[in-house]
DNA sequence: TTTGTTGCAAAATTTTTGCAGATAT
DNA sequence: ATATCTGCAAAAATTTTGCAACAAA
């Protein structure tokens, strides 16, 4: 099984949490996905795929994985949703139409954040910046 | 009672919702406050102040007031919180330490948003931008 | 071994909903 | 007069927790 998901194991070990198939499965389900998923969504995705996993395990695992920085959390319609994000600092561009989350190239932001800090005294987490709007697709294609 | 909260009536009428003392009280409780409040917090604030109001009324009113643009919603530790924001477009600076929400002067952002749009195709809602970080106070004063 | 995790079911929270009566326009 | 809103209580939905068995280190 080390051939099929070679990458899902490494980040777990590197983060100092125990490697369980449940966490690997959760991470795998989230990896490569652009839209964040709620705990319930992850759970049904896994059980639907034939995995036997408890709902509370999903809740706890997501919580833990977010804690160690492997996942980022989002507010999607009042529910907490999770997404596997790049390990480098970045900004989130949230599409309010389709829920797509993309990243903003950091170099575009750095200068601005410096100005912002100088002007307001507010120290931004370069990593926790969420911009709501409409993604390129939804901007050109009038949404449903 | 019409003397004490003269301003809370106007925005309600202007927004096309019915003016009830409950909504006025909710709006008044939120007005001038920098930290967003959850439905439960608003409810206890009101009942604590001697008002008799149902919890579901608070939920429904907050929902409605946010719908018509009188309130903005935030995700505070997984719960939905509301805040009375300026009626002009602005950005939110969220302090992860103390929960303070301040606004970012729009002129600081406009140029950057234009660049961002050109570079990514993403059209930001100038009004729905949340920057997490630490406010000026918490930056200088090491938080608890 | 020893410590961290899982699963299940129960509990705690938060939020929504039905409906009769009250209220704003 | 009439469409909207409130209050109450019940229901729904989401998330957390206790604890014994289990698995990773």
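Chains as they are written, first to last, in the UniProt record's numbering: chain A, 1 to 144; chain B, 1 to 144. No residue lacks a Cβ here, since even glycine has one placed at the ideal position from N, Cα and C. None of these values were measured; they are calculated from a predicted model.
> Since residue 31 of chain A and residue 84 of chain A are thought to touch, with beta carbons under 8 angstroms apart, how far apart are those beta carbons, to the nearest angstrom?
Replying inline: Position 31 of the first chain, counted from the start, is the residue given in the question as residue 31 of chain A. Position 84 of the first chain, counted from the start, is the residue given in the question as residue 84 of chain A. Indeed they touch by this definition, with Cβ atoms about 5 angstroms apart.
> Buried or exposed: where does residue 88 of chain A fall if 16 or more other Cβ atoms within 10 Å of its Cβ makes it buried?
Replying inline: What you label residue 88 of chain A is simply residue 88 of the first chain in a count that begins at 1. It counts as exposed.
>> Just to make sure I have the definition right: I need the residues of chain A whose C-beta is within less than 9 angstroms of the C-beta of residue 124 of chain B. Which are they?
In response: For this step, residue 124 of chain B is matched to residue 124 along the second chain. For a Cβ distance threshold of 9 angstroms, residue set 93, 131, 132, 133, 134 of chain A lies close to residue 124 of chain B, ordered along the chain.
>> For the stretch 106-120 of chain A, list every residue whose C-beta sits within 7 angstroms of some C-beta in chain B, in sequence order.
In response: Answer in chain order: 108, 112, 115, 116, 119, 120.
>> Since residue 71 of chain A and residue 82 of chain A should fall inside the 8 angstroms C-beta cutoff, what is the C-beta to C-beta distance between them, to a whole number of angstroms?
In response: As a first step, residue 71 of chain A must be located in the first chain, where it is residue number 71. As a first step, residue 82 of chain A must be located in the first chain, where it is residue number 82. About 5 angstroms separates the beta carbons of residue 71 of chain A and residue 82 of chain A, which is inside the 8 angstroms limit, making them a contact pair.
>> If the cut-off is 9 angstroms on Cβ atoms, which residues from the stretch 71-83 of chain B count as contacting chain A, listed in chain order?
In response: For chain A, the residues of the stretch 71-83 of chain B that bring a beta carbon within less than 9 angstroms of one of its beta carbons are 73, 74, 75, 78, 79, 80, in chain order.
>> Counting C-beta neighbours from all protein chains within 10 Å, is the total for residue 133 of chain B 16 or more, i.e. buried, or is it exposed?
In response: For the purposes of this step, residue 133 of chain B is identified with residue 133 of the second chain, where counting begins at 1. So residue 133 of chain B ends up on the buried side.
> Any residues in the stretch 28-58 of chain A with a beta carbon nearer than 8 angstroms to a beta carbon of chain B? Which ones, in chain order?
Replying inline: Residues passing the 8 angstroms Cβ filter: none.
>> Pull the bridge partners of residue 53 of chain A from the DSSP assignment, please.
In response: For this step, residue 53 of chain A is matched to residue 53 along the first chain. Answer is none; residue 53 of chain A lacks a bridge partner.
> Apart from the five residues just before and just after residue 98 of chain B, which ones in its own chain have a Cβ nearer than 6 angstroms to its Cβ?
Replying inline: Taking the first residue of the second chain as position 1, residue 98 of chain B is located at position 98. Counting only Cβ-Cβ distances below 6 angstroms, and skipping sequence neighbours, we find 138.
>> Going by DSSP, what residue range makes up the alpha helix (DSSP H) through residue 43 of chain A?
In response: Here residue 43 of chain A is taken as the residue at index 43 of the first chain, counted from 1. Note, residue 43 of chain A: alpha helix (DSSP H), 39-48.
> Roughly how many angstroms separate the alpha carbons of residue 55 of chain A and residue 41 of chain B, rounded to a whole number?
Replying inline: Residue 55 of chain A sits at position 55 when you count from the first residue of the first chain. Residue 41 of chain B sits at position 41 when you count from the first residue of the second chain. Straight-line spacing of the CA atoms in residue 55 of chain A and residue 41 of chain B works out to 29 angstroms.
> Would DSSP call residue 70 of chain B helix, strand or coil?
Replying inline: Counted from its first residue, the second chain places residue 70 of chain B at position 70. Note: residue 70 of chain B maps to coil in three-state DSSP.
> Under 8 angstroms between C-beta atoms, does residue 139 of chain B make it to chain A?
Replying inline: Numbered from its first residue, the second chain carries residue 139 of chain B at position 139. So, interface residue.
> Alpha carbon to alpha carbon, how far is residue 123 of chain A from residue 49 of chain A?
Replying inline: Counted from its first residue, the first chain places residue 123 of chain A at position 123. Counted from its first residue, the first chain places residue 49 of chain A at position 49. Using only the alpha carbons, I get a separation of about 43 angstroms.
>> Quick check on residue 106 of chain A: does DSSP put it in helix, strand or coil?
In response: Translated into the one-based positions of the first chain, residue 106 of chain A becomes position 106. In this structure, DSSP gives residue 106 of chain A a state outside helix and strand, which the three-state scheme calls coil.
> For residue 20 of chain B, does the count of other Cβ atoms within 10 angstroms reach 16, so buried, or fall short, so exposed?
Replying inline: If you number the second chain from 1, residue 20 of chain B lands on position 20. Counting Cβ neighbours within 10 Å, residue 20 of chain B comes out exposed, since fewer than 16 surround it.
> With which residues is residue 17 of chain B paired in a DSSP beta bridge?
Replying inline: Mapped onto the second chain, residue 17 of chain B falls at position 17. As DSSP reads the structure, residue 17 of chain B sits in no beta bridge.
>> If I measure Cβ to Cβ from residue 16 of chain A and keep anything under 8 angstroms in the same chain, skipping five residues before and after, which residues do I get?
In response: As a first step, residue 16 of chain A is located in the first chain; it is residue number 16 there, counting from the start. Taken in chain order, the residues that qualify are 68.
> Hey, residue 34 of chain B and residue 101 of chain B are a contact pair by Cβ (cut 8 angstroms); roughly how many whole angstroms apart?
Replying inline: Along the second chain, one-based indexing puts residue 34 of chain B at 34. Along the second chain, one-based indexing puts residue 101 of chain B at 101. With a Cβ gap of about 6 angstroms, residue 34 of chain B and residue 101 of chain B count as contacting.
>> Could you tell me the alpha carbon to alpha carbon distance between residue 78 of chain B and residue 73 of chain A, rounded to whole angstroms?
In response: Your numbering for residue 78 of chain B matches position 78 in the second chain. Your numbering for residue 73 of chain A matches position 73 in the first chain. Computed Cα separation, rounded: 10 angstroms.
>> So for residue 125 of chain B, helix, strand or coil by DSSP?
In response: The count along the second chain starts at 1 and reaches residue 125 of chain B at position 125. DSSP, read as helix, strand or coil, puts residue 125 of chain B in strand.
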